[in-house]
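Visitor: Structure provided below as structure tokens; questions to follow.
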Amino acid sequence: YAFPDSTSDAKDKEEADGGLNLENADTRVDHEAGKEHIPFTIERLSKAEMTRRSQEFYQEMNKRRSVRFFSDEPFPQEVMDNIIRTGGTSPSGAHTQPWTYVVVKSPEIKKEIREIIEEEEEVNYRRRMGDKWVQDLACIGTDWNKPYLEIAPYLVIVLKQSYGIAPDGSRLVHYYNEISTSISVGLVLAAIQEAGLVTLTSTPLNAGPRLRKLLNRPINEKVMLLLPVGYPAPDATVPALKRKPLEEFMTAI
Ligand code: IYR
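Numbering (full-length UniProt numbering), first residue to last: 50 to 302.
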């Protein structure tokens, strides 16, 4: 079974171009926006201060865990807005900012999202994923039941814009739209952690087209991820996983 990357969803084939397929593409970007170059400086930190800050940031991020058991306790919309704003600071190909974040608070929409995802996930676990994949996930303890989709106070659906649409209806190339959106989400995950909240970086396999329609998003957008955001349930548990030590994933030359 080939691992389905987010550009190979069978029902979404019509949306799969964009990226770096420049054939017949209109490559216009907003050339005026960045034309003027302006001075840029940063605050210089002492070596001791940068060491301390980098270590503290790492320690905070190392507390992050994917959580599947949420409390229904709400948190301020302003916090959610700031988290998504942080995602909007991401770098992107030719500054095309090819991401859309749909923040769902409505219990009715959350219920519909849960129904769509559980229906597709049951088929995923029973048929699409295959035995090997299901076995590889056994340690995480997941199945197709996703009650957190109705419990978490917010669901954030992340879509990449495979291409842009100019005012005259023509297509604009969104360079590196997938990696740009992925980087943006990395910043969102850090912002969620920094705000003292938790999330689950979930990938609703095969539910993308139905979710896109439910959320009234246009055909140039493709669902990449769904992030429930909230406080963990008081009795939440996580698998006892260990992270690789630095020596195993960095080589210094
Ligand atoms: N999307 C499914 C399956 C799943 C896949 C991987 I790879 C995971 O790390 C965890 C789950 C689900 O959400 O259950």
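Ideal Cβ positions, reconstructed from N, Cα and C, are used throughout, including at glycine. Fair warning: this is a prediction, and the values are worked out from it, not measured in the lab.
1. Can you give me the C-alpha to C-alpha distance between residue 199 and residue 161, rounded to a whole angstrom?
2. Take the Cβ of residue 207 as the centre, count every other Cβ of all protein chains shown within 10 Å, and call the residue buried at 16 or more, exposed below.
3. So for residue 210, helix, strand or coil by DSSP?
4. DSSP state of residue 92, grouped into three classes?
5. Flag this pair as touching only if the segment 255-270 and the segment 210-217 have three or more C-beta atom pairs under 8 angstroms; answer yes or no.
6. Is any non-hydrogen atom of the ligand IYR found closer than 8 angstroms to the C-beta of residue 254, if you look at the structure I gave you?
7. Assign residue 184 to one of two classes, buried (16 or more other C-beta atoms within 10 Å of its C-beta) or exposed (fewer than that).
8. Name the two residues that bound the continuous beta strand (DSSP E) containing residue 253.
9. In the DSSP assignment, find the beta strand (DSSP E) that holds residue 278 and state where it starts and stops.
10. Tell me the DSSP secondary structure of residue 338 in three-state form.
11. Relative to the ligand IYR, is the shortest distance from any of its heavy atoms to the C-beta of residue 248 smaller than 8 angstroms?
12. Answer yes or no: the CB of residue 173 versus the heavy atoms of the ligand IYR, is any distance below 8 angstroms?
13. Hey, would you say residue 239 sits closer than 9 angstroms to residue 135, going by beta carbons?
14. Comparing the CB of residue 251 with every heavy atom of the ligand IYR, is any distance shorter than 8 angstroms?
15. Where does residue 102 sit, in a helix, a strand or coil, going by DSSP?
16. Figure out for me which residue from 152, 93, 164 and 98 has the closest Cα to the Cα of residue 194.
17. Following the continuous alpha helix (DSSP H) through residue 238, name the residue where it begins and the one where it ends.
18. Can you round the beta-carbon distance between residue 123 and residue 196 to whole angstroms, since I take them to be within the 8 angstroms contact cut?
19. Are residue 115 and residue 254 closer than 9 angstroms when you measure CB to CB?
20. Here's the rule: buried if 16 or more other CB atoms are within 10 angstroms of the residue's CB, otherwise exposed. What is residue 133?
Guide: Inspection of the coordinates gives the following:
1. 9 angstroms
2. buried
3. strand
4. coil
5. yes
6. yes
7. exposed
8. First-last for residue 253: undefined, no H or E at that position.
9. 270-279
10. With the chain running from 50 to 302 in the structure shown, residue 338 is simply not present.
11. no
12. yes
13. yes
14. yes
15. helix
16. 164
17. 226-243
18. Actually they do not touch by this definition, with Cβ atoms about 17 angstroms apart.
19. no
20. buried
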